[in-house]
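Novice: With the UniProt record's numbering, the residue at position 158 of the sequence shown is 158, and numbering never jumps. For glycine and all other residues, C-beta sits at the position ideal for the given N, C-alpha and C. Since this is a predicted model, take the numbers as computed values, not measurements.
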Amino acid sequence: MEGRVIKSTGSWYVVKCDQKYISARLKGKFKQSELKLTNPIAVGDWVTLDLEQNQETAVISDIHPRENYVIRKSTRKQHFSHIIASNLDQAILVITMKNPRTSMGFIDRFLVSTESFRIPAILVVNKTDLLDGPKAEEWLQDIHEIYEPLGYQVLEVSALQEDDLHEKFQTLLQDKSTLIAGHSGVGKSTLLNKLVPDAEQSTKEISSFSDKGVHTTTFAELFSLSYGGDLIDTPGIKEFGILDVEDVELSHYFPEMRNYLGQCKYNNCQHLHEPGCVVREKVEAGYIHPYRYHSYLNILNEEDSHR
Ligand SMILES: Nc1nc2c(ncn2[C@@H]2O[C@H](COP(=O)(O)OP(=O)(O)O)[C@@H](O)[C@H]2O)c(=O)[nH]1
Ligand SMILES: [Mg+2]
Ligand SMILES: [Zn+2]
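#1: Examine the Cβ distances between the region 93–113 and the region 129–148 and report whether three or more of them are shorter than 8 Å.
#2: For Pro134, verify whether its CB is less than 7 Å away from any heavy atom of ligand 2.
#3: Taking C-beta to C-beta, are Asp164 and Leu192 nearer than 8 Å?
#4: If I follow the unbroken beta strand (DSSP E) through Leu225, where does it start and stop?
#5: Just the C-alpha distance for Tyr287 and Lys20, rounded to the nearest angstrom, thanks.
#6: Can you pull every residue whose C-beta falls closer than 6 Å to some heavy atom of ligand 2, listed in chain order?
#7: Label Tyr253 either buried or exposed according to how many other C-beta atoms from any shown protein chain fall within 10 Å of its C-beta, with 16 as the threshold for buried.
#8: Let me confirm a value: Val15 is counted as buried when at least 16 other C-beta atoms fall within 10 Å, else exposed. Which label applies?
#9: What number of angstroms, rounded off, separates the C-alpha of Val47 from the C-alpha of Leu261?
#10: For Lys282, which of Glu67, Ser295, Asn298, Gln263 has the nearest alpha-carbon?
#11: Does DSSP put Phe209 in a helix, a strand or coil?
#12: For a minimum of 3 consecutive residues, which ranges assigned as the beta strand (DSSP E) are wholly contained in the region 6–49?
#13: Starting from Ile107, trace the beta strand (DSSP E) both ways and give me its first and last residue.
#14: Beta-carbon distances below 5 Å to any heavy atom of ligand 3 define the shell here; list its residues in chain order, please.
#15: Quick one: Cα of Thr217 to Cα of Leu300, how far?
#16: What are the start and end residues of each continuous alpha helix (DSSP H) run of 4 or more residues lying completely inside the region 62–147, in chain order?
#17: In three-state terms, what does DSSP make of Asp247?
#18: Leaving out five residues before and five after Cys277 in sequence, what residues of the same chain have Cβ atoms less than 6 Å from its Cβ?
#19: Three or more C-beta pairs under 8 Å: does that hold for the region 91–101 against the region 36–44?
#20: Looking at the strands, I want to know which residues DSSP matches up with Ile180.
#21: By Cβ distance below 7 Å, which residues in the same chain neighbour Lys194 in space, the five residues on each side in sequence not counted?
#22: Just to confirm before moving on: does the CB-CB distance between Val154 and Ile143 stay below 8 Å?
#23: Which same chain residues end up closer than 6 Å to Ile6 when comparing Cβ atoms and leaving out the 5 residues on each side of it in sequence?
#24: With distances taken from CA atoms, which of Glu2, Glu249, Pro100 is nearest Asp62?
#25: With DSSP collapsed to three states, give me the class of Glu156.
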């Protein structure tokens with residue numbers, strides 16, 4: 001049998017096979033990739049599984065190669081990584097101006113991550129009902145003006161007040177696997193429950209036979225959309241760690257810098273103070289937004305301090 005892992009609680013996995021949900025586990029040692037992982041199997045993985053004699057539970061015997069995945073550094077084990085989710089078509093970052101405020105720096109870190117994973121990203125501005133006054137208008141305008149020219153779609157919603165979100169998001173979500181991320185409190189669950197009305201219910205049903213008291217709130221979970229496709233909720237993710245991005249590579253993950261990269265005087269230019277740096281010239285000439293360049297410098301600094 002084949003299926004897709006929709007939930008992981010540590011030792012048990014919930015696998016969706018056709019329309020059925022099966023509790024499955026791994027038996028014995030599992031062949032790992034060259035990555036050092038804390039979780040051998042992740043939400044979004046396609047797996048082969050064999051039913052056990054009771055016909056209710058199954059053993060996972062094989063994992064299909066991942067098309068892509070998002071990963072973060074393990075908080076528990078040094079030099080280990082944790083796969084958050086795999087086989088994604090796109091990622092939505094839910095952002096809010098207030099309650100809580102999402103900083104541009106956070107948005108840019110997220111976008112560097114998705115660029116490095118080669119996953120298209122969309123920004124969904126939530127809680128627009130709370131936005132009024134010139135400050136809010138300016139913030140919203142900045143978001144559109146900075147990110148849309150880079151190829152990131154920006155959508156505005158009020159997950160709390162809008163009731164037609166299922167239809168509003170159909171073109172975007174249909175037949176795709178979409179990861180949903182964002183700070184805690186931005187409204188991911190509220191949005192998810194409008195897009196998958198039975199999400200709360202299905203979570204509870206599946207939980208009852210596999211969880212055994214494990215805290216699942218920090219694990220990702222996959223929910224199926226009625227028009228095809230699915231959403232992967234990622235609670236408890238503060239940010240994706242930017243793994244394996246070398247300093248000289250970082251600018252590759254800023255789409256607005258990519259075009260100029262071959263043009264700097266030095267081919268290992270980090271676009272700081274090097275003479276003949278075309279990226280810096282473009283910042284000064286207004287072709288690259290100063291906020292974005294600022295984020296670039298911050299990420300470069302942070303990454304250095306981790307080494
Ligand atoms: N005003 C307003 N509040 C919202 C909106 N969406 C969600 N909230 C509220 O924000 C809080 C956090 O929402 P939740 O969905 O739990 O956020 P999550 O942590 O990202 O899953 C809840 O009290 C929601 O009712 C919105 O569009 N407008
Ligand atoms: Mg939530
Ligand atoms: Zn340069």
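Specialist: In short, the structure shows the following:
#1: Touching, yes.
#2: No - ligand 2 has no heavy atom lying nearer than 7 Å to the Cβ of Pro134.
#3: Result no, Cβ atoms of Asp164 and Leu192 do not sit closer than 8 Å.
#4: Careful: Leu225 lies outside any beta strand (DSSP E) and carries neither H nor E.
#5: Distance between the alpha carbons of Tyr287 and Lys20: 52 Å.
#6: Having a Cβ closer than 6 Å to some heavy atom of ligand 2 are Lys188, Ser189, Pro235.
#7: With 16 or more other Cβ atoms within 10 Å, it is buried.
#8: By the neighbour-count rule (16 or more Cβ atoms within 10 Å), Val15 is buried.
#9: For Val47 and Leu261, the distance between alpha carbons rounds to 40 Å.
#10: Residue Gln263 is the option with its Cα nearest to Lys282.
#11: Unreliable placement is indicated for Phe209, whose pLDDT of 47 sits below 50; no coordinate value is reported for it.
#12: List check, beta strand (DSSP E) in window: 12–17, 20–26.
#13: Run containing Ile107: none in the beta strand (DSSP E); it sits in the alpha helix (DSSP H), 104–116.
#14: Qualifying residues come out as Cys264, Cys269, His271, Cys277, Val279.
#15: At Thr217, the pLDDT of 49 sits below 50, so the modelled position is not reliable and the matter cannot be decided from this model.
#16: Listed in chain order, they are 104–116, 134–147.
#17: Here Asp247 sits in helix by DSSP.
#18: By the criterion of a C-beta distance shorter than 6 Å, Cys277 is surrounded in its chain by Cys264, Cys269, His271, once the five residues flanking it on both sides are discounted.
#19: The answer is no - the region 36–44 does not touch the region 91–101, with fewer than three Cβ pairs under 8 Å.
#20: Answer by DSSP bridge pairing, in chain order: Ile92, Asp233.
#21: Result list for Lys194: Ala159, Leu165, His166, in chain order.
#22: At the C-beta level, Val154 and Ile143 come within 8 Å of one another.
#23: Contacts found: Val14, Lys16, Leu222.
#24: If we check each option's Cα against that of Asp62, Glu2 comes out closest.
#25: Annotated three-state conformation of Glu156 is strand, per DSSP.
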